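Enquirer: Before I ask anything, let me first share the structure, which is written out below as structure tokens.
Numbering (our numbering), first residue to last: 16 to 224.
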């Protein structure tokens, strides 16, 4: 949407739609780029990170009703929103600032701890996260669907301090994003026994205004 808004604003202020024939890449080139890229390093990374990970096993989250099978689902959903009070929000921002931590990493570490508590101490936590998929600068100016979902696995050690957990989460996030150009379907193809990647049912998204 940022690309679209930029082009729309440019067209509105200049009174003309600028078309650059010298643009290096177009959306149609995206698939060709993926086919030509060397995926060896990314393939080895995901094989190692997800070794023995139960990607088809749901987290044992508490719920108040049984889940319907796929053929009986309506497809309808809902959302629940809540706000932190001013003191908690201030403490959250202060902790991130004083420890030189990004808000996203702090929120993600908190989310893992929250899941750890909800699941009564499940230490191997694998969730889904969407990445923007624009792994080359030339792709930033192209309108199109580049989003790629990837697994984000944290093998939480309860003996670590929260600060140490945040450091682990930072490393996990950095490394996974580095290899996020590896398509999800190819990650799943490395695990032939997985028929339903239910780890995607529990996901994390950080939106900064």
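Don't be surprised by glycine CBs; every beta carbon is placed ideally from N, CA and C.
Note that the structure is predicted; figures quoted are calculated from it, not measured.
1) By the 10 Å Cβ neighbour count, where 16 or more other Cβ atoms means buried, how is residue 19 classified, buried or exposed?
2) How many Å lie between residue 95 and residue 167 at the Cα?
3) Which of the three DSSP states is assigned to residue 68 in this structure?
4) Would you grab the beta carbon distance between residue 71 and residue 211 for me? Rounded to a whole angstrom, and I think it's under 8 Å.
5) Pick from 198, 128, 135, 221: whose alpha carbon is nearest that of residue 61?
6) Below 8 Å, how does it come out for the stretch 202-221 and the stretch 133-146: are there three or more Cβ pairs, yes or no?
7) Is residue 109 near the ligand FMN, in the sense that its beta carbon is under 7 Å from a heavy atom of that ligand?
8) Quick check: residue 137 and residue 65, are their CB atoms within less than 8 Å of each other?
9) Taking only the alpha-carbon atoms, compute the straight-line gap between residue 133 and residue 125 and give it to the nearest angstrom.
10) In the DSSP assignment, what residue or residues form a beta bridge with residue 165?
11) Any idea which residues DSSP pairs residue 139 with across the strands?
12) Compute the Euclidean distance between the alpha carbons of residue 54 and residue 89, then round it to the nearest angstrom.
Expert: Working from what's here:
1) Residue confidence for residue 19 is low, a pLDDT of 48 falling below 50, so the modelled location carries little weight; the figure read from the coordinates is stated next. Under this definition residue 19 is an exposed residue.
2) Taking the straight line joining both Cα atoms gives about 23 Å.
3) coil
4) 5 Å
5) 198
6) yes
7) The ligand content of the structure shown is nil, which means the ligand FMN is not present either.
8) The answer is no: Cβ separation not under 8 Å.
9) Their Cα atoms are separated by approximately 12 Å.
10) 144
11) 170.
12) 38 Å
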